[in-house]
Each structure stands twice: as C-alpha cells, then as structure tokens.
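Participant: Questions regarding the structure given below will be posed in turn.
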Amino acid sequence: MEMHSPFIQIMTTTARREDAGRIGETLVEKRLAACVQVIGPIRSIYRWKGNIERDEEWLCQIKSRRDLFDAAAQAIRAVHPYETPEIIALPIIAGSGDYLAWLEGELNPLSNDRQGSR
C-alpha cells in the first residue's frame with residue numbers, strides 16, 4: 000500500500016444519468032480522469048435559494064490527480080447543466096501500488112501539464 004499519493008477523487012452530481020455519462024466520457028477522453036464511476040440514483044436533500052430541495056441525482060466519482068483538478072473542474076463546468084455544480088475533491092491518502100500505477104498511466108503526464116501542451 001502506497002501512502003501520500005498525489006491522487007484525488009473528485010465528486011459531482013447531476014439530475015440526469017445522461018449528463019453524468021457525458022461528464023465521465025469528457026474527463027476520460029481528455030485524460031483528466033482515469034476512471035469515472037456513475038452511481039445512482041441517489042437522494043439529495045439540500046438548501047437552494049432559501050428552499051429545502053429533495054432531488055434524485057447521479058453521483059460521479061472521478062479518479063484523478065491533484066495537479067489536474069483545475070482542468071477537470073473547468074471541463075466539468077463546460078458540460079454540466081447546473082448553475083452551481085458540486086465539484087469537490089478528496090485526497091486519496093493510500094492505495095494499492097498496482098492501482099495507483101494504473102491511475103498514473105491513464106492521466107495526462109505531469110511533464111505535459113507543466114509545459115502546457117495537451
């Protein structure tokens with residue numbers, strides 16, 4: 000088990016499964032995510048513009064890397080239908096070496112990101 004990894008799990012929710020799928024496809028195609036799991040439907044209860052809302056949503060669990068968060072968030076916003084989408088990230092503090100190596104291999108290379116070429 001490797002510790003202190005550079006990897007994160009980004010989460011966002013959508014009202015439609017199709018939107019969640021579009022987000023997943025976009026992120027994986029751009030190599031901003033190695034994997035996007037779409038879970039749902041889930042039940043969300045939240046306050047929005049002074050009202051308590053209760054909605055069925057689809058949760059995207061996005062496996063990525065910290066240095067790709069801003070680009071991933073921008074790509075999510077570009078296809079997300081919500082006015083204010085949830086885009087949060089949690090650190091992946093540990094994982095199996097094989098899985099983390101696979102994640103790294105599927106994401107944009109660090110050297111390309113630093114040079115700005117994609």
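Quick note: the sequence shown uses numbering that gives the first Met the number 0, first residue 0, plus one each step. C-beta atoms are modelled at their ideal positions from N, C-alpha and C, and glycine is treated no differently.
1. What's the C-alpha gap between I91 and K48?
2. Can you name, in chain order, every residue of its own chain whose Cβ lies under 7 Å from the Cβ of E24, other than the five neighbours on each side?
3. Look up L12 in the DSSP assignment and say whether it is helix, strand or coil.
4. Thinking C-alpha only, which one of G94, S95, E56 is nearest P119?
5. Can the beta-carbon of I7 be found less than 8 Å from the beta-carbon of A32?
6. Based on the DSSP secondary-structure assignment, which residues constitute the bridge partners of V27?
7. Rounding to the nearest angstrom, what Cα-Cα distance links R64 and L89 in this structure?
8. Return the CA-CA distance between I51 and E103, expressed in angstroms with no decimal places.
9. Starting from L58, trace the beta strand (DSSP E) both ways and give me its first and last residue.
10. Nearest-angstrom Cα distance between D18 and V37?
Facilitator: Put simply:
1. 33 Å
2. none
3. Note on identity: in this sequence residue 12 is Thr, with Leu being the wrong assignment. Three-state DSSP puts T12 in a strand.
4. Coverage of the chain is limited to positions 0 through 117, which leaves residue 119 absent and any answer about it impossible.
5. no
6. DSSP lists no partner for V27.
7. 10 Å
8. 40 Å
9. 50-64
10. 10 Å
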